[in-house]
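J.: If you want the numbering used here, it's the position in the sequence shown, counting the first as 1, plus 4.
Yeah, the Cβ is synthetic: ideal placement off N, Cα and C, and Gly gets one too.
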Amino acid sequence: MLYPGSRAKVCDNSGVLVVKCINCYSKKYAQVGDLISVVIEKVLPNSKHSKGSISKAIVCQTKKKMKRGDGSSIKFDLNSVALISASGNPVGTRVFGPVVHELRAKGHTKLVSLSNSVF
5 MLYPGSRAKV
15 CDNSGVLVVK
25 CINCYSKKYA
35 QVGDLISVVI
45 EKVLPNSKHS
55 KGSISKAIVC
65 QTKKKMKRGD
75 GSSIKFDLNS
85 VALISASGNP
95 VGTRVFGPVV
105 HELRAKGHTK
115 LVSLSNSVF
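1. Could you spell out where the beta strand (DSSP E) holding Ser-59 opens and where it closes?
2. Taking all protein chains shown into account, do 16 or more other C-beta atoms lie within 10 angstroms of the C-beta of Leu-87, making it buried, or fewer, making it exposed?
3. Please report the straight-line C-alpha distance between Gly-3 and His-105, rounded to a whole angstrom.
4. With distances taken from CA atoms, which of Gly-101, Leu-115, Ile-78 and Thr-97 is nearest Gly-19?
5. For Val-42, count neighbouring Cβ atoms within 10 angstroms of its own Cβ and tell me buried if that reaches 16, exposed if not.
Given below as structure tokens:
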């Protein structure tokens, strides 16, 4: 779960390293696959993004256990997001780390196709 004010790592190659959640569009908190608004806190030196700018992101991994339909659960070691543009396309061209297949059901098929492993 990501609340407004919580920090997350960026799991794509957009040049952004750490972001801070400032708004969750669905509920008071965001789960895997939800759209959030973030402010960029840490970037690589030659990134096209600047520190302090506002962007949108999709939550890819959370520390909180997520229950699945078959009764199993999955959790990750860190909270991570992938940045998206205003049109809804991913900013990066690669997604690092595994993503869950529930992203495909929520309509984020481009993120799933950019990842190298799907749980």
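T.: A quick look at the data gives this:
1. As a working note, residue 59 is residue 55 in the sequence shown. Annotation: the continuous beta strand (DSSP E) that includes Ser-59 extends over 58-65.
2. Here residue 87 refers to the residue found at position 83 of the sequence shown. Classification for Leu-87: buried.
3. The structure shown does not extend to residue 3, since the chain spans only 5 to 123, so no value can be given for it.
4. As a first step, residue 19 must be located in the sequence shown, where it is residue number 15. For the options Gly-101, Leu-115, Ile-78 and Thr-97, the alpha carbon positioned closest to that of Gly-19 is the one of Thr-97.
5. By 1-based counting over the sequence shown, the position of residue 42 is 38. Around the CB of Val-42, 16 or more other CB atoms lie within 10 Å, so the residue is classed as buried.
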